[in-house]
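Worksheet: the structure to be examined is printed underneath.
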Amino acid sequence: MVAETRQTDWIEHVRRIEQERDETAFAELFQHFGPRVKAFLMKSGANETLAEECAQEVMATLWNKAHLFDPSRASVATWIFTVARNRRIDALRKQKRPEPEDLPWGPEAEPDQEEVLALQQDTARLGRALADLPEKQRHLIEKAYFGDLSHTEIAEETGLPLGTIKSRIRLALDRLRHAMR
Amino acid sequence: MDTIKHHLTESLLMGYSSGNLPEAFNLVVAAHISMCDDCRARLASYDAVGGAVLDDTAPACLAADSFEQTLARIKGEAPGRPTISRPAPGVLPAPLREYVGGDVDAIRWRPVGGGVKQAVLPTSQDATARLLRIPAGAAVPDHGHRGLELTLVLQGAFHDETDHFGRGDVEVAGEELHHTPTAETGEDCICLAATDAPLRFRALIPRLVQPFLGI
Ligand SMILES: [Zn+2]
Ligand SMILES: [Zn+2]
């Protein structure tokens with residue numbers, strides 16, 4: 001329950017950053033995620049100097065791109081993860097990262113509050129499921145997300161309940177497609 | 001959109017989400033997802049795992065002036081709110097257009113024999129990505145695979161020993177598959193193909209030209 005409240009709170013932080021350019025909200029978000037992004041990058045093989053620099057860039061991106069965050073399709077932690085991952089591919093692998101064509105927001109496509117809440121609950125459930133996995137399996141998944149497994153080493157079966165969260169996101173996408181028509 | 005039958009595998013989606021794929025495979029994944037909401041939602045669920053892993057990572061120590069430096073970065077950058085423009089509808093999805101420098105008419109085709117044309121795309125060396133144009137009714141020489149081959153249909157359709165593949169479908173071929181992809185009649189078939197190891201051709205001629213083709 002604590003985790004769910006915190007996630008809701010982070011969404012409000014991003015909203016305040018986007019609409020009010022609220023530096024206090026940004027400072028709180030920074031305090032929580034900045035050290036985690038840096039740790040994530042160091043576990044991915046960046047040295048401390050590079051990890052510090054990239055973590056600052058990732059957090060600056062959040063400030064500048066807050067309007068791109070869509071709480072009916074991702075949690076704040078997920079969004080930050082994708083920004084940090086792309087920064088890692090760019091800085092450590094020196095590769096371009098092809099991204100899918102985005103589905104842009106129309107003014108009529110404000111996220112539905114019920115969907116936002118339901119996605120947070122599913123996300124929290126996924127987090128608990130990850131924590132409850134047998135040590136060895138959890139370690140393998142973490143290794144993959146730190147960029148430390150080749151794609152041939154990634155198993156098909158993760159043991160994580162991805163189905164509910166997937167249908168939740170699919171629902172949000174359908175709504176978005178409908179609004180764009 | 002709803003007619004796509006052949007989708008990305010779980011390990012490709014997780015590999016893309018976690019950032020473990022070669023650039024050429026990333027390109028196929030990004031292009032397929034641009035056309036397929038089902039895989040888009042599956043990918044988002046893998047990204048959510050990444051979010052959970054990040055949130056669960058034991059925090060590292062930031063530099064003492066980390067926050068001030070970040071604020072300085074923000075003030076140094078122009079406040080970004082670019083208007084999001086939707087690309088005009090075309091044959092190539094947006095991520096591919098970035099590599100080509102435009103839509104189909106911007107592709108610089110080179111003949112590779114049998115009426116087939118190709119254009120190799122600039123990606124990192126660990127795998128190669130190429131666009132293929134197979135004339136209606138023509139076939140790519142039969143071949144096996146040493147590694148993984150992903151083929152995404154962008155226009156027209158082809159069939160091989162396993163099934164029929166139309167626009168948006170992706171064929172994932174591994175070492176166990178030996179096939180002869182053949183374009184359906186009616187329209188030239190344009191595909192994006194990515195491989196992480198050279199193909200194995202059965203016939204003598206393709207084997208001789210292989211060093212030149214680079215497949
Ligand atoms: Zn799909
Ligand atoms: Zn093949």
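Protein sequences appear in the order of chains A and B.
Read left to right, the first sequence gives residues 1 to 181 (UniProt numbering).
Read left to right, the second sequence gives residues 1 to 215 (UniProt numbering).
In this text, a Cβ means the ideal position worked out from N, Cα and C, and glycines have one as well.
Beta carbon proximity, residue i to chain B, threshold 8 Å
{"i": "I89(A)", "result": "yes"}
{"i": "E28(A)", "result": "no"}
{"i": "I17(A)", "result": "no"}
{"i": "L173(A)", "result": "yes"}
{"i": "S150(A)", "result": "yes"}
{"i": "A155(A)", "result": "yes"}
{"i": "S75(A)", "result": "yes"}
{"i": "R50(A)", "result": "The question names Arg, but residue 50(A) in the sequence shown is Leu. Answer no: the Cβ-Cβ gap between L50(A) and chain B never drops below 8 Å."}
Backbone secondary structure at residue i - three-state DSSP
{"i": "P111(B)", "result": "strand"}
{"i": "G51(B)", "result": "helix"}
{"i": "A197(B)", "result": "coil"}
{"i": "L121(B)", "result": "strand"}
{"i": "R167(B)", "result": "coil"}
{"i": "V116(B)", "result": "coil"}
{"i": "Q95(A)", "result": "coil"}
{"i": "T182(B)", "result": "strand"}
{"i": "L8(B)", "result": "coil"}
Residue-level contact to chain A via CB, residue i, 8 Å cutoff
{"i": "Q69(B)", "result": "yes"}
{"i": "A63(B)", "result": "yes"}
{"i": "L21(B)", "result": "yes"}
{"i": "E10(B)", "result": "yes"}
{"i": "R42(B)", "result": "yes"}
{"i": "V49(B)", "result": "yes"}
{"i": "R73(B)", "result": "yes"}
{"i": "T57(B)", "result": "yes"}
Residues of its chain near residue i, where Cβ-Cβ distance is below 8 Å and the 5 sequence neighbours each way are ignored
{"i": "I17(A)", "result": "A25, F26, L29, L62, W63, A66"}
Residue i, enclosing beta strand (DSSP E) - first and last residue
{"i": "G34(A)", "result": "It is not in any beta strand (DSSP E) - G34(A) instead sits in the alpha helix (DSSP H) that spans 23-43."}
{"i": "T151(B)", "result": "149-155"}
{"i": "R73(A)", "result": "Where R73(A) is concerned, there is no enclosing beta strand (DSSP E), given that its DSSP letter is neither H nor E."}
Classification of residue i by the beta-carbon crowding that lies within 10 angstroms, buried from 16 upward
{"i": "C39(B)", "result": "buried"}
{"i": "S75(A)", "result": "buried"}
{"i": "D196(B)", "result": "buried"}
{"i": "Q56(A)", "result": "buried"}
{"i": "T82(A)", "result": "buried"}
Boundaries (first-last residue) of the alpha helix (DSSP H) holding residue i
{"i": "K143(A)", "result": "135-145"}
{"i": "R73(B)", "result": "66-76"}
{"i": "L113(A)", "result": "Sequence inspection shows Gln at residue 113(A); the Leu mentioned does not correspond to that position. Taken as a continuous stretch (DSSP letters only), the alpha helix (DSSP H) holding Q113(A) covers 113-132."}
{"i": "R97(B)", "result": "94-100"}
Cutoff 6 Å; reference residue i; Cβ partners in own chain excluding five residues on either side
{"i": "R130(B)", "result": "Q118, V120, A193"}
{"i": "T123(A)", "result": "S75"}
{"i": "Y99(B)", "result": "L121"}
{"i": "H7(B)", "result": "C39"}
Below-8 Å beta-carbon distance, residue i vs any chain C residue
{"i": "I141(A)", "result": "As a matter of chain content, chain C is missing from the structure shown, whose protein chains are A and B."}
Spatial neighbours of residue i in its chain, beta-carbon cut-off 7 Å, leaving aside the 5 residues before and after
{"i": "residue 203(A)", "result": "Within the shown structure, residues of chain A are numbered from 1 to 181, placing residue 203(A) beyond reach of any answer."}
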